[in-house]
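What follows is a set of notes on a single structure, which appears directly below.
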Amino acid sequence: MPKNFLTIALPKGKLLTDSVQLLTQAGIDCQGVEEDSRRLLFDLPPNQARIIICRPTDIPTYVEHGAADIGFVGKDTIIEQNCDVAELLDLKFGYCRFVVAMPEENLPPILPNGEYDLNYINHKRVATKFPRVAQMFFSSKGMQVTPVKLHGNIELAPRVGLAETIVDIVSTGRTLRENNLKEVAQILEATTRMIANRVSYRIKYERIQELADKCRELLQEN
Amino acid sequence: MKRSPLGLKLPEGMRDMLPEELARLEEMEAKALKTCRLWAYQKVATPGLEYRACVEPDAYKHDDLYKFFDKNGQILALRPEFTTPIARMVVSRLKKPLLPLRYCYSGDVYRNNEARYREFRQVGVELVGSGSEVADAEVIALAVEIMKSLDIPNFQINLGHNGIFSGLAEELNIKDHLRLELEDGISRKDMVRLEGVISQSPLPPTVKELLLAMPHLTGGDEVLNKLKEWTRLQAIQKAVESLQNIFQHLEDFGVKDYVALDLGILRGFSYYTGAIFEGYLPGVGIPVIEGGRYDNLYADFGVNSPATGFAVNLGVIQEQQAEFRVEKAEILVYGDSQREVIKYCRKLRQEGKLVEMVLEPLSDQEVASLAQSKGIDQLIKV
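For the record, the sequence lines run as chains A and B.
Just remember that the working numbering sits 15 ahead of the position in the first sequence, which is counted from 1.
Just remember that the working numbering sits 9 ahead of the position in the second sequence, which is counted from 1.
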């Protein structure tokens, strides 16, 4: 494999289209790279690159181990996976927020400053795909909760009594509304990031930085 | 079966080594140590168990140590690296050390983290008692020679400086909060956060520009000249001069082509104080060599002494190597009288042959097929 050959990990799902579009604009011809084709590995010989498509939560792992040199992935996943990778660029798309939400009929009391009194959640169960983020948030408030790790459809948990509270990512808030859940606190905001393996970023610095710079220019134009 | 099912398993991150796996590792280890010997580094050993207070003095920091209690209730830890235990040994055992000390070591280190292997072999050196740049260059050159002796193509060493950030922080009196934010961003290699923190900070514009440019300063000497013109700040000037001198020495050592300058090596505010370096192999996601100058470590133990060194992670390099052939017996000896067989084996071994004897009474035919399956070329019947 040539020294500057690049393996790029892109996330399945809604971030893929934006990622492919940005890479194409930045000069990496991604023709044929799409999720529907069921292929997971795309060789792009003229670009001296290949693209792998994997689950968003796995991207930091591929990059940390050096199986991919760079990856596009949400900040939410980076925080939750806590992998040792270099974070190069905020790609701005894929905006979402981490929030704490509770059933409308069981909301915490409201404090004089207008915020919900989170102490009400102390010692309660929190259903989430992101136990690390949840734990970090609640312990920073001096609170103790029991995370219940789920892999999807978190909104179901409070309705059937698996947990009193949820921590989840929301983009429009529609899922919360449809399930009679109400946001009681925001934890943090997240967008998609370009990440790089720490060794790749040093030995393929020029190639990776050139791509990052081009993406940055494109983002500023838009 | 008398043992519980757990007795057949290994704790996470541990592995056994069968002869062929171990042979590869030990061959590499022997080559590396031989190179150290040529450079007059003497091998030392420290114990696997240390007091936690030795290997991780900051009790409030998160660590990756395997910890135990001894009978007195003290916390023990498996060594996560050799540099600190060797500092402890030097300070406590050598009352009047003949400086500079040149020590090398080889052994397993233990880190209780998510890595694939939590026990892995390290070979490394410590050069204690010299703060000179030629000492920095010597250990870097030795690192290059070790990699060459291991027949590893395409390795690369990147050389940076850990004194720039801390020097800047001191010189510009960067306050606690900002400093913590910068440290955190640096150690996480989170450039997005660093960019935000730096551009919103009250630092002078040239310093902001410089901090933002640091991760991108890689290449040859030209990088240093560029950096030197940038600012008259003393922290920068000192680091640049030191790197320039080291680079000159590396040329004299004949290893300059293997080393790239790289001020983007971000290692947080660890015990490294000056020139730092990392060795990379294509396709290996973590550095295979980590090293640098740590002038404050000995002071932690009550003695002021500059020091530099590095460790090679043989465990990951081993995986990159092709299968290794294990030494097989050269001769298989058998016969009707075990006394005679033993006697003959002793004679052959005295001649330096690798000899294996047949333990059970077997026919000629059975012995022949045994030799074949074991790959032993010569058969002797006594």
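Using N, Cα and C, we set each Cβ at its ideal position, and we do this for glycine too.
Min CB distance residue i to chain A below 8 angstroms
i        : result
Asn167/B : yes
Tyr289/B : yes
Lys198/B : yes
Thr227/B : yes
Gly133/B : no
Rounded C-alpha distance that separates residue i from residue j
i        : j        : result
Ile166/B : Gly273/B : 13 angstroms
Thr92/B  : Ile74/A  : 34 angstroms
Ala284/B : Leu221/B : 20 angstroms
Met209/A : Leu103/A : 5 angstroms
Glu95/A  : Leu108/B : 48 angstroms
Asn171/B : Glu336/B : 45 angstroms
Lys29/A  : Arg70/A  : 11 angstroms
Lys27/A  : Gln36/A  : 14 angstroms
Tyr280/B : Ala248/B : 17 angstroms
Gly311/B : Asn305/B : 10 angstroms
Gly140/B : Arg111/B : 13 angstroms
Gly344/B : Leu357/B : 15 angstroms
Met366/B : Glu29/B  : 21 angstroms
Glu90/B  : Arg12/B  : 33 angstroms
Glu79/A  : Pro162/B : 23 angstroms
Asn195/A : Leu25/A  : 33 angstroms
Lys156/A : Pro20/B  : 35 angstroms
Ile181/A : Pro173/A : 7 angstroms
Leu226/B : Ala227/A : 15 angstroms
Asn97/A  : Met37/B  : 33 angstroms
Leu171/A : Glu179/A : 11 angstroms
Sub-8 angstroms separation of residue i and residue j beta-carbons
i        : j        : result
Leu106/A : Thr207/A : yes
Lys139/A : Leu165/A : no
Ala377/B : Gln131/B : no
Met26/B  : Arg127/B : no
Ala86/B  : Val100/B : no
Ser251/B : Glu142/B : yes
Gln327/B : Leu34/B  : yes
Met156/B : Gly288/B : yes
Leu59/A  : Ile43/A  : yes
Leu371/B : Leu379/B : yes
Val325/B : Tyr353/B : no
Arg10/A  : Asp99/A  : The question about residue 10/A has no answer, for chain A in this structure spans 16 to 237.
Thr282/B : Tyr307/B : no
is_contact[residue i, chain B] using C-beta, thresh 8 angstroms
i        : result
Arg208/A : yes
Leu30/A  : no
Glu79/A  : yes
Asp105/A : yes
Ile67/A  : no
Val185/A : no
Asn168/A : no
Ile202/A : no
Ala101/A : yes
Tyr110/A : no
Ile218/A : yes
Asn237/A : no
Gln63/A  : no
From the options, residue whose alpha carbon lies closest to that of residue i
i        : options                                   : result
Asn237/A : Val88/A, Lys27/A, Pro60/A and Phe108/A    : Phe108/A
Tyr110/A : Val214/A, Gln235/A, Leu226/A and Glu204/A : Glu204/A
Gln329/B : Phe164/B, Ile149/B, Arg97/B and Leu189/B  : Phe164/B
Arg97/B  : Thr55/B, Glu260/B and Arg33/B             : Thr55/B
Leu151/B : Thr44/B, Glu29/B, Met37/B and Arg355/B    : Thr44/B
Thr76/A  : Ala64/A, Thr92/A and Gln63/A              : Thr92/A
Pro162/A : Val185/A, Ile136/A and Val175/A           : Ile136/A
Lys383/B : Leu368/B, Glu339/B and Tyr343/B           : Glu339/B
Lys80/B  : Glu90/B, Gly301/B, Tyr60/B and Met156/B   : Tyr60/B
Asp373/B : Leu363/B, Leu212/B, Leu388/B and Gly361/B : Leu388/B
Pro17/A  : Gly129/A, Gln63/A and Glu130/A            : Gln63/A
Ile385/B : Glu369/B, Ile351/B and Val342/B           : Val342/B
*Touch check for the stretch 117-131 of chain B and the stretch 282-293 of chain B: three-plus C-beta pairs under 8 angstroms?*
When Cβ pairs closer than 8 angstroms are counted between the two stretches, the stretch 117-131 of chain B is seen not to touch the stretch 282-293 of chain B, the count staying below three.
*Is there contact between the stretch 130-140 of chain B and the stretch 316-323 of chain B, where contact requires at least three CB pairs shorter than 8 angstroms?*
Yes, the stretch 130-140 of chain B is in contact with the stretch 316-323 of chain B.
*Between the stretch 114-126 of chain A and the stretch 191-200 of chain A, do three or more beta carbon pairs fall short of 8 angstroms?*
The stretch 114-126 of chain A is in contact with the stretch 191-200 of chain A.
*Is there contact between the stretch 83-94 of chain A and the stretch 180-191 of chain B, where contact requires at least three CB pairs shorter than 8 angstroms?*
No, the stretch 83-94 of chain A does not touch the stretch 180-191 of chain B.
*asked:* Whether or not the stretch 50-60 of chain A and the stretch 252-267 of chain B are in contact is what I'm after, with contact meaning three or more pairs of Cβ atoms, one per stretch, closer than 8 angstroms; do they touch?
replied: Counting Cβ pairs under 8 angstroms, fewer than three are found: no touch.
_So, does the stretch 123-133 of chain A touch the stretch 189-196 of chain A, judging by three or more C-beta pairs under 8 angstroms?_
No, the stretch 123-133 of chain A is not in contact with the stretch 189-196 of chain A.
*asked:* Taking 8 angstroms as the cut-off, does the stretch 216-228 of chain A touch the stretch 149-157 of chain A (at least 3 CB pairs, one atom from each stretch)?
replied: Judged by Cβ distances under 8 angstroms, the stretch 149-157 of chain A makes no contact with the stretch 216-228 of chain A, as fewer than three pairs qualify.
*Meets three-Cβ-pair contact criterion under 8 angstroms: the stretch 193-207 of chain B and the stretch 234-248 of chain B*: Judged by Cβ distances under 8 angstroms, the stretch 193-207 of chain B makes no contact with the stretch 234-248 of chain B, as fewer than three pairs qualify.
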